[in-house]
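Rendered as structure tokens:
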């Protein structure tokens with residue numbers, strides 16, 4: 001059942017745009033170890049990580065592997081590579097409401113290079129993401145420097161991204177986006193048990209930031225259900241600022257607590273607060289348990305509405321629930337077992353890890369049209385739970 | 398209101414950086430006092446692949462972006 005021509009090919013609704021937009025620039029940071037990841041002027045450890053991930057919530061299932069390998073060459077160079085796959089099957093609330101379910105795949109590959117010179121590390125990364133209607137490429141460069149007896153590490157980074165946006169079933173459709181990312185970091189050892197890190201990140205995008213498949217609804221007395229749909233219209237620029245502070249404290253026994261806060265604001269007038277809290281407890285026999293809680297809350301974009309009063313009600317229009325006012329609460333648990341290799345052997349250590357996060361999303365101005373009450377605009381607010389599972393093996397050599 | 402909050406976060410960070418860079422600081426935590434900080438449980442990025450994945454899961458579904466946990470930090474203790 002396809003509801004409206006503007007949403008025929010649907011994709012994007014939960015995953016796409018944002019998968020690419022956010023992920024590709026930030027993906028580079030996975031490989032750029034020392035940028036904001038302070039380990040007193042040493043190269044990141046040689047390791048192999050193989051992860052299987054699964055997200056299931058709101059009618060969306062995303063699964064796939066991620067593989068990262070990091071290898072040192074000589075004394076001052078570390079090379080890393082990452083392959084990541086998202087296999088998406090979506091029958092989300094947007095899809096159910098305005099279009100037909102879809103499946104899709106996104107692959108992402110990254111290469112990273114870290115060069116250590118005395119107490120400075122220079123990092124380079126290159127990331128590429130491919131879907132059938134979207135391609136994104138980004139490069140990143142970063143520098144980190146240890147100071148003051150290695151109690152302080154400062155870092156900064158710059159990223160540049162270029163996206164090509166297509167639309168299924170419309171070969172003539174071709175748009176682009178340019179992205180810029182600036183990062184500053186400061187990590188500080190405060191006491192023999194306490195370390196804190198400050199981060200600042202500005203991102204700026206210019207180009208086709210819409211989702212080419214998504215629609216907004218407006219009151220239409222002539223329509224059988226009382227409303228109709230029209231294509232979304234987003235501004236062509238967006239600049240965001242985010243600042244975070246995180247701290248970790250080693251308890252009187254061998255365990256640690258951590259807490260964090262992030263502030264966010266952008267030119268679309270979305271602002272958000274994120275709080276995190278967690279506890280890590282290792283046991284002598286190789287087992288480790290981590291429990292965590294995260295609270296996220298945001299205010300809607302200035303041009304967001306669940307229901308516009310009429311067609312073309314304003315110059316910019318959005319009904320993307322990720323741009324609405326909502327909050328989410330996450331409870332997570334990780335259980336790991338670590339095995340130490342024999343002295344002198346090639347294997348330093350290896351771990352197997354299982355992580356589970358349960359997320360509750362509650363939207364305050366995005367309505368669930370499947371629960372129609374017969375009164376337009378009085379449908380119940382949307383909410384859903386998601387299960388996020390990761391199983392991964394890490395091998396250090 | 399928004400600008401005020403931004404200033405409240407930004408200027409202390411810049412101030413701290415300048416203050417730290419302007420003088421020679423005697424390390425108040427000696428290398429031999431960093432055993433706790435060197436423990437892997439004190440790393441902000443113990444599992445980079447997992448952290449990057451969770452960061453991705455969130456950025457897909459949230460309006461906010463950047464300065465996330467995948468950008469972590471460490472302990473300055475190696």
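Chains as they are written, first to last, in this note's numbering: chain A, 1 to 397; chain B, 398 to 475. Just so you know, even glycine gets a beta-carbon here, dropped at the ideal spot from N, CA and C. As the structure is a computational prediction, the values presented were derived from the model and not from experiment.
Nearest-angstrom Cα distance between residue i and residue j?
i: residue 431 of chain B; j: residue 185 of chain A; result: 21 angstroms
i: residue 264 of chain A; j: residue 321 of chain A; result: 18 angstroms
i: residue 49 of chain A; j: residue 429 of chain B; result: 31 angstroms
i: residue 247 of chain A; j: residue 360 of chain A; result: 25 angstroms
i: residue 456 of chain B; j: residue 46 of chain A; result: 28 angstroms
i: residue 308 of chain A; j: residue 465 of chain B; result: 33 angstroms
i: residue 462 of chain B; j: residue 301 of chain A; result: 14 angstroms
i: residue 65 of chain A; j: residue 312 of chain A; result: 43 angstroms
i: residue 205 of chain A; j: residue 294 of chain A; result: 27 angstroms
i: residue 408 of chain B; j: residue 245 of chain A; result: 14 angstroms
i: residue 182 of chain A; j: residue 155 of chain A; result: 11 angstroms
i: residue 317 of chain A; j: residue 348 of chain A; result: 55 angstroms
i: residue 296 of chain A; j: residue 272 of chain A; result: 7 angstroms
i: residue 149 of chain A; j: residue 143 of chain A; result: 18 angstroms
i: residue 75 of chain A; j: residue 69 of chain A; result: 18 angstroms
i: residue 118 of chain A; j: residue 425 of chain B; result: 22 angstroms
i: residue 62 of chain A; j: residue 423 of chain B; result: 50 angstroms
i: residue 22 of chain A; j: residue 441 of chain B; result: In this predicted model, residue 22 of chain A has a pLDDT of only 45, less than 50, meaning its place in the structure is not dependable; the value taken from the coordinates is given anyway. Answer to the nearest angstrom: the Cα atoms are 21 angstroms apart.
i: residue 126 of chain A; j: residue 101 of chain A; result: 33 angstroms
i: residue 251 of chain A; j: residue 132 of chain A; result: 49 angstroms
i: residue 389 of chain A; j: residue 450 of chain B; result: 11 angstroms
i: residue 410 of chain B; j: residue 344 of chain A; result: 45 angstroms
i: residue 197 of chain A; j: residue 187 of chain A; result: 4 angstroms
i: residue 282 of chain A; j: residue 437 of chain B; result: 10 angstroms
i: residue 299 of chain A; j: residue 268 of chain A; result: 10 angstroms
i: residue 179 of chain A; j: residue 139 of chain A; result: 10 angstroms
i: residue 86 of chain A; j: residue 162 of chain A; result: 20 angstroms
i: residue 151 of chain A; j: residue 427 of chain B; result: 9 angstroms
i: residue 104 of chain A; j: residue 444 of chain B; result: 27 angstroms
i: residue 276 of chain A; j: residue 257 of chain A; result: 11 angstroms
i: residue 135 of chain A; j: residue 128 of chain A; result: 8 angstroms
Candidates the options: which alpha carbon is nearest residue i's?
i: residue 58 of chain A; options: A:77, A:90, A:70 and A:47; result: A:90
i: residue 177 of chain A; options: A:353, A:157, A:187 and A:238; result: A:238
i: residue 80 of chain A; options: A:110, A:273 and A:286; result: A:110
i: residue 235 of chain A; options: A:99, A:299 and A:266; result: A:266
i: residue 327 of chain A; options: A:381, A:94 and A:116; result: A:381
i: residue 356 of chain A; options: A:345, A:219 and A:330; result: A:330
i: residue 228 of chain A; options: A:87, A:69, A:387 and A:97; result: A:97
i: residue 255 of chain A; options: B:427, B:433, B:449 and B:460; result: B:433
i: residue 460 of chain B; options: A:281, A:391 and A:274; result: A:274
i: residue 391 of chain A; options: B:454, B:439, B:446 and B:453; result: B:446
i: residue 387 of chain A; options: A:56, A:129 and A:94; result: A:56
i: residue 137 of chain A; options: A:159, A:395, A:153 and A:151; result: A:159
i: residue 284 of chain A; options: A:250, A:298, A:345 and A:340; result: A:340
i: residue 115 of chain A; options: A:107, A:41, A:342 and A:282; result: A:41
Can you name, in chain order, every residue of its own chain whose Cβ lies under 6 angstroms from the Cβ of residue i, other than the five neighbours on each side?
i: residue 335 of chain A; result: 289 and 354
i: residue 124 of chain A; result: 113 and 141
i: residue 195 of chain A; result: 189 and 248
i: residue 372 of chain A; result: 379
i: residue 200 of chain A; result: 184 and 243
i: residue 398 of chain A; result: Given that chain A is displayed from residue 1 to residue 397, the structure contains no residue 398 of chain A and the question cannot be resolved.
i: residue 67 of chain A; result: 50 and 83
i: residue 292 of chain A; result: 278 and 332
i: residue 35 of chain A; result: Here residue 35 of chain A scores only 38 on pLDDT, less than 50, and its place in the model should not be relied on; the value that follows carries that caveat. Contacts found: 123, 142, 144, 155 and 157.
i: residue 120 of chain A; result: 145
Kindly list the residues whose CB is nearer than 7 angstroms to the CB of residue i, restricted to its own chain and excluding five residues on each side of it in sequence; keep chain order.
i: residue 72 of chain A; result: 43, 46 and 78
i: residue 383 of chain A; result: 361, 362 and 363
i: residue 224 of chain A; result: none
i: residue 337 of chain A; result: 286, 287, 351 and 352
Here's a check: name, in chain order, each residue in its chain whose Cβ is nearer than 8 angstroms to the Cβ of residue i, leaving out the five neighbours to either side.
i: residue 306 of chain A; result: 217, 319, 324, 365, 366, 367 and 377
i: residue 174 of chain A; result: 164, 165 and 166
i: residue 219 of chain A; result: 226, 227, 307, 308, 309, 310, 376 and 377
i: residue 370 of chain A; result: 93, 96 and 97
Who does residue i pair with in a DSSP beta bridge?
i: residue 124 of chain A; result: A:113 and A:141
i: residue 129 of chain A; result: A:108 and A:136
i: residue 307 of chain A; result: Bridge partners of residue 307 of chain A: none, in fact.
i: residue 298 of chain A; result: A:272 and A:326
i: residue 162 of chain A; result: A:137 and A:178
i: residue 287 of chain A; result: A:337
i: residue 263 of chain A; result: A:243 and A:273
i: residue 292 of chain A; result: A:278 and A:332
i: residue 446 of chain B; result: For residue 446 of chain B, which the question treats as bridged, DSSP gives no partner whatsoever.
Quick one: does residue i have its CB under 8 angstroms from some CB of chain C?
i: residue 450 of chain B; result: Checking the listed chains, one finds no chain C in this structure; the protein chains it contains are A and B.
Quiz item: Fully enclosed by the segment 59-115 of chain A, which beta strand (DSSP E) runs are 3 residues long or longer?
Solution: 60-73 and 77-90
Practice problem: Enumerate, from N- to C-terminal direction, the unbroken beta strand (DSSP E) stretches of 3 or more residues contained entirely within the segment 170-241 of chain A. | Solution: 175-189, 194-207, 215-219 and 227-231
Exercise. Give, in chain order, every unbroken run of the beta strand (DSSP E) that is at least 3 residues long and sits entirely within the segment 323-393 of chain A.
Key: 326-340 and 349-367
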